[in-house]
Amino acid sequence: MGLNHLILNLEDIRFNYTGGPKVLTDLDLQLFKGDRIGLMGPNGSGKTTLFQIIMGLLKPSSGSIEIYNYPCKTEKDFIDVRKKIGLLFQDADDQLFSPTVLEDVAFGPLNLGKSRDEAMEISLNTLNFLGLSGFEDRITYKLSGGEKKLVSLATVLAMEPEVLLLDEPTSGLDEKTKATLKNVLSGLDLSYIIISHEIDFLAEITDHIYTMENGKILFDQEVHAHEHVHAHPHGAYVHEHK
Amino acid sequence: MFEELTNGDSFIHGLDPRGKLIVVFLFSIVVAAADRFQVLLGSLTLGLLIVLTAKVPARKLIKRLIPVNMLILFLWLFLPFTFGGEPLFFMGPLAVTREGVFYATRISIKSNAMMLMLIALVASTPIFFMGHAMHQLKIPNKIVHLFFFTYRYIHAIYREYLRLKNSIKIRGFIPKTDLHTYKTFAYMVGMLLVRSFDRAHRVHNAMLCRGFKGDLYSLKKFSFKTNDVVSIIFMMAMIVIMGVMEWA
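Residue numbers (the numbering used here), protein chains in the order written: chain A, 1 to 242; chain B, 1001 to 1248.
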């Protein structure tokens, strides 16, 4: 694919928290339009940090970030990035802050300059799309874990992003909500990167699964093939382990 | 915790929060400045009347009035003895002055009258309507945000607190008067602060990701209805009468 389709180009990204060890070391990542990438890796391997760097919430100590062929360095650059890339936080409680569901979902569209009526319409449509119609006036902090997750997703989708970054979207969800999520994601015409520990989930809705280790992303070819025998639910279905 | 009273459906619940805010504000100013007992007693009566109209349950009402009156109790312990003036009677070497007693009585009436009004306001208006009403009344954004987030995060912190409390409970913690207990409570408060700070940071990040530029927009449209106009005229008249009685 040509440069026109290159959405995200990260080169030689290094990052460490003040006084802490290196989290990312010379990390490279490219995301093209239509890419559906799964990202696995042990806890603390820097996956969430990577997302925060893409969104401009953390600044790398060195390396370059180009988004839509535009180098992003300052907070101002990232303000535009955030209109196109939506990040779903690991903990839904971090994402929801308005008293009611509708207000929370409308928060993004209103920030993008939509009128009150437009924002309402977008929000209601998004909620409807996620099977959450009737949730408008529910109080956000009283929702169940699964509902919170879906509402958080609604708040991100309402901004009509071109790219989604999902940080462990399935954690704490039951099978039913997971299935809803799977349906929604596979029905979207978006590029996305999903962090998850669930290989079955990733195998179904992504085209590539990368692993993160020692602050780097290991692409398919760099992973050592291995065989093992194990048992888990749905083990009867053919699936891959990277 | 706070909205337990807002589910009622009294006449006052249906009124425009903007009108309620303005009325409570003006009422409080007049009551705070007033000195004559007729006016103060009038304001207390008005407050009681409003609370009754708002159908605030007596038990909840008393629960909310106790903290204010605890504070006033302390004033009663000191004011009558320290305020200069004509002695009413003596308690040992201490003189209780007439002015001191009047002063303390005034403060008691004023605070309770204002509290009654505030209780009626808070009890009849969902917090987020109040925030939006403040916004529409052109109260500075920073104050409105502070109000909103304080409310929202009191819940988050409270839940964090419950989680911490449960986690020490299930490990057999029983509060005693010893260093271990103090240390545990200190850790808990510390953890609560640090965790809340972190949470606030993450929420801010999440808001930035959704294009937050410092403005909160409201989806709620308020409109004045006949009820609102009538109640505001009535309350304004009461406030003006109180003012006239005080200063004319």
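Each residue gets a CB set at the ideal place from its N, CA and C atoms; glycine is no exception.
For clarity, every value in this text was computed on a predicted model and none was experimentally measured.
Query: Along the stretch 169 to 188 of chain A, where does the CB come closer than 7 Å to a CB of chain B? Name the residues.; Result: none
Query: Given that a residue counts as buried once 16 or more other Cβ atoms are within 10 Å of its Cβ, and exposed if not, what is Y1182(B)?; Result: exposed
Query: What residues in the stretch 1208 to 1222 of chain B bring their beta carbon closer than 9 Å to a beta carbon of chain A?; Result: L1208, C1209, R1210, G1211, F1212, K1213, D1215, L1216, Y1217, S1218, L1219, K1220, K1221
Query: 8 Å is my cut-off, CB to CB: does N1205(B) come that close to chain A?; Result: yes
Query: Taking the continuous beta strand (DSSP E) assigned at A1095(B), which residues delimit it?; Result: 1094 to 1097
Query: Give me the subset of the stretch 1188 to 1203 of chain B whose CB atoms are less than 8 Å from a CB atom of chain A, sorted by chain position.; Result: R1199, R1202, V1203
Query: Determine the chain B residues that contact R82(A) at a beta-carbon separation under 8 Å, and present them in chain order.; Result: L1208, C1209, R1210, G1211
Query: Quick check: the Cα distance between A246(A) and K83(A), rounded to an integer number of angstroms?; Result: An answer regarding residue 246(A) cannot be provided, because it is not within the stretch 1 to 242 covered by chain A.
Query: Skipping 5 residues on each side, what residues in its chain have a beta carbon closer than 7 Å to that of P99(A)?; Result: I139, T140
Query: Please compile the residues from chain A whose C-beta is within a distance smaller than 9 Å of the C-beta of I1127(B).; Result: P99
Query: Helix, strand or coil: how does DSSP classify M55(A) here?; Result: coil
Query: Should the stretch 207 to 222 of chain A be called in touch with the stretch 13 to 27 of chain A, which here means at least 3 C-beta pairs below 8 Å?; Result: yes
Query: When the Cα of T170(A) is compared with those of E160(A), K182(A), E162(A), which residue comes out closest?; Result: K182(A)
Query: Is the CB-CB distance between I54(A) and I79(A) below 8 Å?; Result: no
Query: Do you know offhand how far L1046(B)'s Cα is from L1061(B)'s?; Result: 15 Å
Query: Closer than 7 Å, Cβ to any Cβ of chain A: which residues of the stretch 1013 to 1028 of chain B, in chain order?; Result: none
Query: Near V1024(B), which residues of its chain fall below 6 Å by C-beta distance, leaving aside the five closest residues on each side in sequence?; Result: M1117, L1121
Query: Specify whether the stretch 1228 to 1246 of chain B and the stretch 103 to 116 of chain A touch according to this definition: at least 3 beta carbon pairs, one from each stretch, less than 8 Å apart.; Result: no
Query: On a CA-only basis, which of A1186(B), R1106(B), G1214(B) is nearest F1149(B)? Give me that one, please.; Result: G1214(B)
Query: By the three-class DSSP mapping on this structure, what secondary structure does K216(A) have?; Result: strand
Query: For M1236(B) and I1022(B), what's the separation of their Cα atoms in angstroms?; Result: 10 Å
Query: Taking all protein chains shown into account, do 16 or more other C-beta atoms lie within 10 angstroms of the C-beta of Q52(A), making it buried, or fewer, making it exposed?; Result: buried
Query: Bridge partners for F15(A) per DSSP, in chain order?; Result: L24(A)
Query: I'd like to check one pair, T206(A) with G38(A): are the Cβ atoms closer than 8 Å?; Result: yes
Query: Output yes if chain A places a C-beta closer than 8 Å to the C-beta of H1155(B); else output no.; Result: yes
Query: Name the one or two DSSP bridge partners that L88(A) has.; Result: L166(A)
Query: Under a three-way DSSP split, which group does G44(A) fall into?; Result: coil
Query: Give the secondary structure of Y1217(B) by DSSP, where H, G and I count as helix, E and B as strand, and everything else as coil.; Result: coil
Query: What are the boundary residues of the alpha helix (DSSP H) that Y1268(B) is part of?; Result: There is no way to answer for residue 1268(B), as the model of chain B reaches only from 1001 to 1248.
Query: Ends of the alpha helix (DSSP H) at M1070(B)?; Result: 1058 to 1082
Query: Hey, L166(A) and L130(A) are a contact pair by Cβ (cut 8 Å); roughly how many whole angstroms apart?; Result: Going by Cβ atoms, the distance from L166(A) to L130(A) rounds to 14 Å, so no, they are not a contact pair.
Query: Measure the alpha-carbon distance for S1223(B) versus G34(A) and round it to whole angstroms.; Result: 47 Å
Query: Opposite E66(A) in the DSSP bridges: which residues?; Result: N9(A), P71(A)
Query: Under 9 Å Cβ-Cβ, which residues of chain B neighbour L143(A)?; Result: Under the 9 Å cutoff, chain B gives no residues; its nearest Cβ is about 13 Å from L143(A).
Query: The beta strand (DSSP E) that contains P1087(B), what's its start and end?; Result: 1087 to 1091
Query: Please classify M1070(B): is it buried, with 16 or more other beta-carbons within 10 angstroms of its beta-carbon, or exposed?; Result: exposed
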